[in-house]
Amino acid sequence: MIKILLFAELQEQTGLDEISVDKAGLTVSELKTWLMENYELPTLNNSMIAINESYASETDRLKDGDIIAFIPPVSGG
0 MIKILLFAEL QEQTGLDEIS VDKAGLTVSE LKTWLMENYE LPTLNNSMIA
50 INESYASETD RLKDGDIIAF IPPVSGG
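Residue numbering for the sequence shown follows numbering that gives the first Met the number 0, starting at 0 and increasing by one per position.
Okay, structure coming up:
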């Protein structure tokens with residue numbers, strides 16, 4: 000299983016802060032596509048990505064037990 004952590008507006012859009020899925024073997028890009036199709040997350044492409052607390056790229060492949068976080072840009076003042 001892969002644990003997906005969602006923050007800020009992604010939490011608001013889904014009503015969830017965490018999703019667990021059996022998607023080991025997918026790339027980050029493939030997982031993002033699946034999430035956008037299944038959870039209607041139009042702003043997901045703007046998010047920073049971390050796997051196991053280290054920044055990741057779209058081509059990184061997910062392994063069973065990974066924790067992937069999608070962190071949207073935050074503005075404030």
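All C-beta atoms in this analysis are idealised placements derived from N, C-alpha and C, irrespective of residue type, glycine included. Since the structure is predicted, the reported quantities are computational estimates derived from the model, not experimental observations.
**OP:** Give the straight-line distance between the Cα atoms of Gly-24 and Pro-71, rounded to the nearest whole angstrom.
**Re:** 24 Å
Subject >> Exposed unless 16 or more other CB atoms sit within 10 angstroms - verdict on Lys-31 >> reply: buried
Original post:
Who are Thr-26's beta bridge partners in DSSP?
Top reply: Arg-60
Subject >> In DSSP terms, what Met-47 is bridged to >> reply: Ile-70.
Original post:
In three-state DSSP terms, what is Leu-4?
Top reply: DSSP places Leu-4 in strand when its eight states are reduced to three.
Original post:
Is Asp-63 buried or exposed, if buried means 16 or more other CB atoms sit within 10 Å of its CB?
Top reply: Counting the other CB atoms within 10 Å of its CB gives Asp-63 a total below 16, which places it among the exposed residues.
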